[in-house]
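138 is the number of the first residue of the sequence shown in the numbering used here; add one for each residue after it.
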Amino acid sequence: MSQRGSGRPTPDNAVLEEREILDRGLSAFSELGYDGTTVRQLATRLGVSHNFINDRYGSKLAFWKAVVGNAQNELWTEVQQSLEQATGSPENRLAEVVRSFLLAAARHPETSRIAHDEASRDSERLRFLIQSYARPFQEVLSPLLTEAAAGGRVAELPIGVMMFAVSAMTSFTAQAPLLTLLADGPPLSIEAWAEMLAEILINGLLR
Numbered sequence: 138m139s140q141r142g143s144g145r146p147t148p149d150n151a152v153l154e155e156r157e158i159l160d161r162g163l164s165a166f167s168e169l170g171y172d173g174t175t176v177r178q179l180a181t182r183l184g185v186s187h188n189f190i191n192d193r194y195g196s197k198l199a200f201w202k203a204v205v206g207n208a209q210n211e212l213w214t215e216v217q218q219s220l221e222q223a224t225g226s227p228e229n230r231l232a233e234v235v236r237s238f239l240l241a242a243a244r245h246p247e248t249s250r251i252a253h254d255e256a257s258r259d260s261e262r263l264r265f266l267i268q269s270y271a272r273p274f275q276e277v278l279s280p281l282l283t284e285a286a287a288g289g290r291v292a293e294l295p296i297g298v299m300m301f302a303v304s305a306m307t308s309f310t311a312q313a314p315l316l317t318l319l320a321d322g323p324p325l326s327i328e329a330w331a332e333m334l335a336e337i338l339i340n341g342l343l344r
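As structure tokens, then:
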């Protein structure tokens with residue numbers, strides 16, 4: 138009987154879908170953080186051998202980038218679909234951009250949790266998040282903010298300040314227990330939180 142080579146996945150692992158691998162990795166990194174997640178823990182969560190990550194992706198960092206990049210693509214696809222339907226004045230379209238982003242973040246809390254965890258440290262991972270996550274959003278947000286401000290209906294703000302304001306708002310997606318405890322009355326849905334926070338942010342910009 139032949140012996141299976143060390144580090145090789147079992148037959149079940151061999152057919153594990155890429156999507157399932159990335160989703161399980163996202164769950165692990167969002168729950169434990171990058172530094173708190175070992176390759177062995179990842180292997181356990183994925184149900185693979187401890188050599189699987191390095192064999193397939195090259196390193197834990199490369200796997201993290203694959204996981205986060207996939208999650209960001211899913212979030213950004215949802216935002217873009219909403220933006221294609223946005224019409225009206227510059228301030229209305231700006232409001233729709235913010236609203237769509239917060240709603241998408243609400244549907245992908247793990248992505249926001251990872252971003253907030255990484256934001257406190259300057260690292261290769263943070264720079265990856267900026268380039269793949271923040272910059273595409275900034276490219277959409279910046280011209281709308283400029284156009285709306287030129288019309289006099291919205292306060293003029295540096296794009297970095299606006300980006301931080303929107304980013305800070307997404308922290309609610311990873312703090313469901315806090316939202317429940319803060320609620321005065323029946324608990325609100327995560328979508329309701331997103332809608333109201335978007336309204337607060339936009340109303341704060343209007344003149």
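Built from N, CA and C at the ideal position, the CB exists for glycine as well.
Treat the numbers as computed from the prediction; the structure is a model and nothing was measured.
DSSP-derived helix/strand/coil call for residue i
i: V298; result: helix
i: L325; result: coil
i: V185; result: coil
Within 8 Å, strictly: CB atoms of residue i and residue j
i: K202; j: F265; result: yes
i: V216; j: L278; result: no
i: G289; j: R344; result: yes
i: R193; j: R161; result: no
i: L231; j: A285; result: yes
i: V303; j: L338; result: yes
i: L315; j: E247; result: no
i: L263; j: L282; result: no
i: P273; j: W213; result: yes
Between the CA atoms of residue j and residue i - distance to the nearest angstrom
i: Q312; j: E221; result: 30 Å
i: V176; j: L169; result: 12 Å
i: T307; j: A242; result: 6 Å
i: S167; j: V204; result: 11 Å
i: G341; j: N229; result: 14 Å
i: V291; j: Y171; result: 39 Å
i: P227; j: S257; result: 33 Å
Start and end residues, alpha helix (DSSP H) containing residue i
i: N317; result: The residue asked about is misnamed: residue 317 is Thr in this sequence, not Asn. 313–319 is the extent of the alpha helix (DSSP H) around T317.
i: A203; result: 197–220
i: L343; result: That residue, L343, is in no alpha helix (DSSP H); it is neither H nor E in DSSP.
i: S167; result: 155–169
Would you mind listing the alpha helix (DSSP H) stretches within the stretch 224–283 that are 4+ residues and don't spill past its ends, in chain order? 227–244, 246–255, 261–266
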